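Below is one structure; the comments refer to it alone.
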Amino acid sequence: MSGLGPERLSLNTATVRAQWNLAQCIEGCARHGIAGISPWRDKLHEMGVEPAARAIRDAGLRVSGLCRGGWFTESGSIDRDVIDDNRRAIDEAAALGADCLVMVVGGLAMGSKDLLQAWKLVEEGLSVTLDHARKAGVKVAIEPLHPMYAADRACINTMGQALDICDRLGDGIGCAVDVYHVWWDPELAAQIKRAGRDRLMAFHLCDWLVPTRDLLTDRGMMGDGVIDIPHLRGLVEAQGFDGLNEVEIFSDRDWWTRDPDEVLRTIVERGRTAC
Ligand code: ZN
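Just so we're aligned, residue 36 is where the sequence shown starts under my numbering, counting upward by one.
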């Protein structure tokens, strides 16, 4: 399989979050020919939703996703403020014309060991949010996170688990496939097939470094780790996925310390050679 040109890449703003605000990310994508962007909400709020939507449109960028909604579990019950915040996130995704709202669903409730309860809260929260999302015309993408985050970030940890929820909730909800979180799963190929085109809503790229020195902020640039990215991309494309390939790298020891234009240049180069 040949590599990805920048016209098939999107920049998740977390990749240069230490260096650039959203306006700079938008300009950077335009400068490097990267076709899309996926803003995090903190950067979006800093710039303002309307000015950001305008700047993204003016730069001709596609919005491959908005990061992120979710966090349904922390208080141990369905929390009105959390639901309201998820509804606002849906409205923001609509204003940006985002391909989806990415959901990091939350881990165990504070002080709890009750995983079953956490799963139940997540499904309830997603269901309520989905009602609003359908009216707004926004797709909701559950991002299964690597199981090392089950306690503190997301208790949905495999594609299979996410798709079971999607099966129960119906239209408008699917998955964000992040290679970092799912590359190890022996059922991955079967579950990507099960998802099918309509439920493959986002595809996130980085690499798994060996050793990984930090659970959260030591992701690698594509090509520097052990994930067979071309193979995984082939699996989603075989289902007809034609969204952008979103680069999302948390890296406080390396890429967050570099000149952001060097980071984007490297992304474009690795898109061609390692993806
Ligand atoms: Zn991701």
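For each residue, glycine too, the CB sits at the ideal point set by N, CA and C.
Bear in mind that the values here come from a model prediction, so they are computed numbers and not experimental data.
Where the alpha helix (DSSP H) containing residue i begins and where it ends
i, result
"A189", "A189 -> no alpha helix (DSSP H), and no H or E assigned at all."
"I118", "R115 to L131"
"G9", "Here the chain comprises residues numbered 36 to 310, so residue 9 is not present and cannot be evaluated."
"I227", "L223 to R234"
"C64", "L57 to H67"
"D166", "L150 to A171"
"I91", "V84 to D93"
Within 8 Å, strictly: CB atoms of residue i and residue j
i, j, result
"G207", "L235", "no"
"A237", "G278", "yes"
"G258", "R293", "no"
"M82", "A58", "yes"
"N56", "E281", "no"
"A133", "V157", "no"
"L117", "E178", "The question names Leu, but residue 117 in the sequence shown is Val. Result no, Cβ atoms of V117 and E178 do not sit closer than 8 Å."
"H67", "V303", "yes"
"I200", "Q274", "no"
"V175", "C135", "yes"
"L131", "T108", "no"
"G63", "D296", "yes"
"C241", "G231", "no"
"A224", "L270", "yes"
"T193", "G104", "no"
"A70", "L101", "no"
"E283", "H239", "yes"
"I262", "W243", "yes"
"C190", "G141", "yes"
"F285", "A128", "no"
"I72", "L96", "yes"
"D253", "R288", "yes"
"L267", "W218", "yes"
"G40", "R307", "yes"
Boundaries (first-last residue) of the beta strand (DSSP E) holding residue i
i, result
"M138", "L136 to V139"
"R293", "Counting along the chain, R293 falls outside any beta strand (DSSP E), and DSSP gives it neither H nor E."
Which residues DSSP lists as bridging residue i, in chain order
i, result
"E281", "S45 and H239"
"D213", "H239"
"I72", "L46 and V98"
"S286", "D253"
"I208", "V175"
"G275", "Per DSSP, none; premise fails for G275."
"G105", "V139"
Contact test: residue i Cβ vs the ligand NAD heavy atom, cutoff 7 Å
i, result
"W219", "With respect to small molecules bound, the structure shown includes the ligand ZN and not the ligand NAD."
Given 8 Å, three or more beta-carbon pairs between the segment 214-222 and the segment 197-206 | At 8 Å Cβ cutoff, the stretches do not touch.
Quick one: any contact between the segment 140-153 and the segment 87-100, if contact means 3 or more CB pairs under 8 Å?
-> The segment 140-153 vs the segment 87-100: no contact.
With the ligand ZN as the reference, list in chain order each residue whose Cβ lies under 5 Å from any of its heavy atoms.
-> After applying the 5 Å Cβ criterion, the set is D213, H239 and E283.
Would the segment 158-170 and the segment 178-185 be scored as touching if the rule is three or more Cβ pairs under 8 Å?
-> These segments do not touch.
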